[in-house]
Every structure is written in C-alpha cells, then in structure tokens.
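Structure first, then comments.
Chains as they are written, first to last, in this note's numbering: chain W, 444 to 709; chain U, 484 to 660.
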C-alpha cells in the first residue's frame with residue numbers, strides 16, 4: 444500500500460467504514476510506517492477535537508413550542524378543511540367519522556336538562572372569567588403554589604398540573620361556583636387562548652372514555668367524569684387542540700391516581 | 484390525521500429537533516433562518532410521514548428528517564435569496580456567526596476551540612455539511628449519502644478533503660502562535 448492509497452482510505456478507516464480486509468491491510472501498513480501512523484493519530488485527534496469543541500447548538504425552547512403548535516395545528520386542519528388537495532380519501536373518511544362523533548356527543552351533552560343547565564353555567568363562568576380582572580385569584584405557573592392556595596377554600600384539593608412543556612402553561616386558579624357548589628377553576632393557556640378547567644368531586648357514576656363535546660356561542664365545552672372528579676373544560680381554542688389538552692389532563696390524572704384509586708384526601 | 488398518528492410522529496421525529504436545528508444552523512449560518520427552516524421541515528415531514536413509515540427499516544428517523552431539513556434549506560434559499568449564489572460565501576452578510584451567539588462559545592473562547600469552529604465555517608458548504616453530519620450528528624456514510632443525495636464514494640472523498648483542510652488550518656494556526 445502506498446502513502447497515497449492510505450490517505451484515501453484513512454478517513455473511512457477512522458470512521459469504521461472500511462471493509463475488514465482493507466482495514467487489515469491498512470493496519471499492517473500503519474504498524475510499519477511512522478509517517479502514516481502520525482497521520483492516523485492526527486486524524487483521530489481531529490475527529491475527537493471537532494466532537495468536543497465545535498458547538499452543536501440545541502434548538503431554542505421557543506422553537507420547540509412553535510414546532511409542536513404548528514404540528515398540532517396542521518394535523519387538526521387536515522381534519523377540518525376537506526377541500527385541501529392533499530387530503531387523501533383515508534383522511535376524508537376520518538374527517539367524516541370525527542364529524543359524526545362530534546355531532547353525536549353534542550346531542551348526548553344536551554340530552555339531560557340538568558346537564559344542559561350546568562353547561563350554561565360553566566360557559567357563563569368562563570365568559571365572566573375573561574372580563575378584565577376576573578380570570579385568576581391566584582396567579583402562578585407553579586402547580587405547587589396553585590394547589591395549596593385552594594386549601595381551606597374548598598372541601599377538596601384539586602389536581603393541578605403544568606403542561607408548559609406541551610404548550611399548555613398553567614396560568615393560575617380561582618374559586619368559582621357551578622352546579623350549586625363552590626368549585627375549583629384552573630386556568631391554562633394556549634398561545635392567546637384561555638382554557639378554564641372547572642372541577643369538583645364527582646357525585647354520579649364515572650364515565651370512562653373520550654370526553655363529551657358541545658359547542659356553544661363559539662366556545663367548545665368538554666366534559667368527563669373520573670371516579671374522583673367531574674371535569675368541565677371550556678375554551679375558544681380549536682376543538683382538536685382542546686381535545687389534546689383534555690387527553691393530557693386525563694393521562695396526568697390516571698398517572699397520579701392510578702386506576703380505581705381512592706378519592707384523594709381533602 | 485388521527486391524534487394517535489400525530490402522537491407517533493411526535494414520538495419518532497420530535498426527539499431529533501436538536502439535530503435538525505444544528506444542521507439548519509450550519510447550513511444557513513444564522514439562527515432566524517434556521518428556526519424557520521426547521522419549522523417548515525417538520526411540516527413537510529408530517530406530510531410525508533406515511534411514506535417514511537412505509538419504508539420499514541428506515542432507521543430511527545434522524546437521517547430521514549435531516550434529509551428533509553437539507554432539502555427545505557435549499558428550497559428556502561432559492562425562494563428567499565434569489566442571489567444566493569453570489570452571497571453564499573460573503574462573510575460580511577453572514578456576520579451572525581455561530582460563535583457569537585452560542586453562550587458556551589462566548590464564555591469559553593480558548594483559541595483551539597475557536598479556531599476549529601472558524602476553520603469549519605470557512606469550508607465550502609458541501610464540505611461543511613459532511614463534517615456536521617458525520618462528527619456532530621453521528622451519521623454513517625450511507626446515511627450521509629442519503630441525506631446529501633450523493634454516492635458513498637463522494638461522501639468519503641468530501642469527508643477526507645474537509646478533514647485535510649481542517650487539519651491544515653489547525654496546524655498553521657499552531658505554528659503561527
């Protein structure tokens with residue numbers, strides 16, 4: 444092997460990309476040639492120096508959030524905008540089935556007169572909370588500040604999470620009134636949108652599965668009941684993103700409580 | 484798109500966000516363009532995700548995403564910088580050098596570190612990208628070939644040439660000090 448041949452193969456050898464017989468031939472040459480051995484050492488050192496010293500900048504957090512939001516928006520848009528040329532028949536079918544589910548749940552949500560009235564109260568509370576100065580009694584993005592704030596104000600301790608990492612930062616909490624009792628209202632954000640989560644201890648049977656959905660006055664209402672709590676989620680956020688948020692809440696609840704867990708202590 | 488499909492996409496492709504940003508950063512040499520390109524690339528990736536999953540043994544998605552980032556950067560440059568060919572190597576227009584905007588670099592300017600970065604920055608784009616893909620992203624020659632759209636032999640020779648240039652720069656600098 445000549446020096447020139449070695450130089451051509453040296454990088455592939457250092458990178459572990461040389462076939463075994465070529466590698467053996469190269470190693471044999473290195474062991475008997477000081478110049479080439481030094482060349483090899485320099486290459487190994489260069490590679491190590493680049494990895495160690497040249498920065499591989501991490502994506503800024505703002506970009507991370509932006510990409511997540513864009514993806515969710517794009518995935519949601521595909522569901523709704525049926526005229527998009529890129530929409531395949533599979534997606535069309537999906538969009539149709541989702542529409543059916545949404546309408547079905549909406550009917551379901553309006554089936555009980557009591558529940559209908561409750562939806563009205565929750566929506567009114569949400570709208571009132573958007574008026575200046577009404578949104579929060581305690582302002583904090585720290586769930587360990589918001590949760591204890593409810594101590595002594597309610598006969599239960601509501602689960603509070605921060606989903607800032609998923610693009611739904613905690614904004615704060617407040618006391619509210621719905622269904623004839625004081626309830627916890629937790630406020631989360633999504634870009635400029637406000638999400639109110641109303642919850643109180645469940646009295647009826649729990650309803651597992653996807654939240655029930657209703658739309659009124661341009662607001663979406665999601666409702667579900669765990670063994671511990673009745674949840675109402677209200678926002679003007681797009682339905683797809685709001686469902687994502689509901690799913691995050693449900694996952695967090697099931698992680699904390701575990702299936703069939705006892706009701707948390709007040 | 485089904486929510487579960489988006490979740491799968493996020494689980495497979497989102498972990499490579501840092502890798503995507505690093506590559507975009509070295510291709511564009513500025514933060515703002517790099518961010519726009521990465522966002523655009525993720526949208527494209529979402530659109531083509533079905534095709535990626537269809538490939539089966541397509542690895543962990545890193546090389547696949549980086550290929551999209553690279554294509555996006557090239558499309559983007561054609562669209563936003565019609566004069567790219569004449570300005571691409573104009574240092575005065577690319578004063579937003581990475582070294583100036585990476586806190587670690589600003590704080591720790593030992594000469595060896597800065598000189599290696601500068602040497603890399605001075606390489607032509609086709610040489611700079613193979614170094615980034617190999618040394619910073621850890622791609623195999625085949626993956627680099629897939630990302631850059633050239634045969635493995637070309638990857639090998641570009642990498643060898645790029646390293647020779649880096650080593651010369653380093654040696655000159657050490658001798659000059």
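For glycine and all other residues, C-beta sits at the position ideal for the given N, C-alpha and C.
Owing to the predicted nature of the structure, the values given are computational and were not obtained by experimental measurement.
So, with DSSP's three-state summary, where would you put residue i?
i              : result
residue 645(W) : coil
residue 655(U) : helix
residue 664(W) : strand
residue 636(W) : strand
residue 554(U) : helix
residue 676(W) : strand
residue 591(W) : helix
residue 601(W) : coil
residue 575(W) : coil
residue 631(W) : strand
residue 669(W) : coil
residue 501(W) : coil
residue 458(W) : coil
residue 620(U) : coil
residue 484(U) : coil
residue 634(U) : coil
residue 596(W) : coil
residue 512(U) : coil
residue 476(W) : coil
residue 489(W) : helix
residue 606(U) : coil
residue 445(W) : coil
residue 504(U) : helix
residue 697(W) : helix
residue 544(U) : coil
residue 531(U) : coil
residue 563(W) : helix
residue 557(W) : helix
CA-CA distance, residue i and residue j?
i              : j              : result
residue 524(U) : residue 472(W) : 46 Å
residue 590(W) : residue 501(W) : 33 Å
residue 499(U) : residue 514(W) : 15 Å
residue 458(W) : residue 639(U) : 10 Å
residue 693(W) : residue 625(W) : 22 Å
residue 658(W) : residue 672(W) : 22 Å
residue 461(W) : residue 468(W) : 11 Å
residue 495(W) : residue 606(U) : 19 Å
residue 485(W) : residue 509(U) : 24 Å
residue 453(W) : residue 643(U) : 8 Å
residue 629(W) : residue 654(W) : 18 Å
residue 536(W) : residue 486(U) : Any reading at residue 536(W) must be qualified, since the residue scores a pLDDT of 44, below 50, and its modelled position is unreliable; the value itself is stated next. Residue 536(W) and residue 486(U): Cα-Cα distance of roughly 15 Å.
residue 527(U) : residue 553(U) : 12 Å
residue 615(W) : residue 580(W) : 7 Å
residue 689(W) : residue 601(W) : 16 Å
residue 616(U) : residue 592(W) : 50 Å
residue 508(W) : residue 610(W) : 6 Å
residue 662(W) : residue 489(U) : 24 Å
residue 501(U) : residue 477(W) : 41 Å
residue 456(W) : residue 475(W) : 17 Å
Which chain W residues sit within Cβ distance under 7 Å of residue i?
i              : result
residue 609(U) : Ordered by position in chain W, no residue passes the 7 Å Cβ test against residue 609(U), which lies about 15 Å from the chain.
residue 601(U) : Within chain W, no residue comes near residue 601(U); the closest Cβ sits about 10 Å away, beyond 7 Å.
residue 551(U) : Near residue 551(U) there are no residues of chain W at all, since even the closest Cβ is about 13 Å away, more than 7 Å.
residue 501(U) : 501 and 502
residue 505(U) : 499 and 500
residue 561(U) : Correct list: empty, because the minimum Cβ distance to chain W is about 22 Å.
residue 548(U) : Under the 7 Å cutoff, chain W gives no residues; its nearest Cβ is about 11 Å from residue 548(U).
Using a cut-off of 8 Å between C-beta atoms, extract the partners of residue i located in chain W.
i              : result
residue 521(U) : 502, 506 and 510
residue 649(U) : 489 and 493
residue 508(U) : 500
List, in order along the chain, the chain U residues whose C-beta lies closer than 9 Å to that of residue i?
i              : result
residue 451(W) : 639, 640 and 643
residue 518(W) : 484, 485, 486, 488, 489, 492 and 529
For residue i, list the residues DSSP reports as bridge partners.
i              : result
residue 606(W) : 611(W)
residue 619(W) : 626(W)
residue 581(W) : 616(W)
residue 656(W) : 665(W)
Name the chain B residues whose beta carbon is nearer than 9 Å to that of residue i?
i              : result
residue 458(W) : No chain B appears in this structure, whose protein chains are W and U.
Quick one: list the residues of chain U neighbouring residue i, beta-carbon separation under 7 Å, in chain order.
i              : result
residue 571(W) : None at all; the shortest Cβ gap to chain U is about 31 Å.
What residues from chain U crowd round residue i, counting only those whose CB sits closer than 8 Å?
i              : result
residue 515(W) : 489
residue 454(W) : 639, 642, 643 and 646
Anything in chain W within Cβ reach of residue i, meaning under 9 Å, just list it in chain order.
i              : result
residue 545(U) : Chain W residues near residue 545(U): none, gap ~13 Å exceeds 9 Å.
residue 614(U) : 493 and 497
Open item on the list: Any C-beta of chain U within less than 9 Å: which residues of the stretch 496–512 of chain W qualify?
Closed with: The stretch 496–512 of chain W vs chain U, Cβ under 9 Å: 496, 497, 498, 499, 500, 501, 502, 503, 505, 506, 507, 509, 510 and 511.
Task: Residues within the stretch 625–647 of chain W neighbouring chain U, beta-carbon criterion of under 9 Å - done: Cβ contacts with chain U: none found.
Task: Contact set between the stretch 464–493 of chain W and chain U, restricted to residues whose Cβ is under 8 Å from the partner - done: Those residues of the stretch 464–493 of chain W that come within reach of chain U (Cβ to Cβ, closer than 8 Å) are 485, 486, 489, 490, 492 and 493.
Task: Members of the stretch 673–695 of chain W near chain U, C-beta cut-off 9 Å - done: Residues of the stretch 673–695 of chain W with a Cβ closer than 9 Å to any Cβ of chain U, in chain order: 683, 686, 687 and 690.
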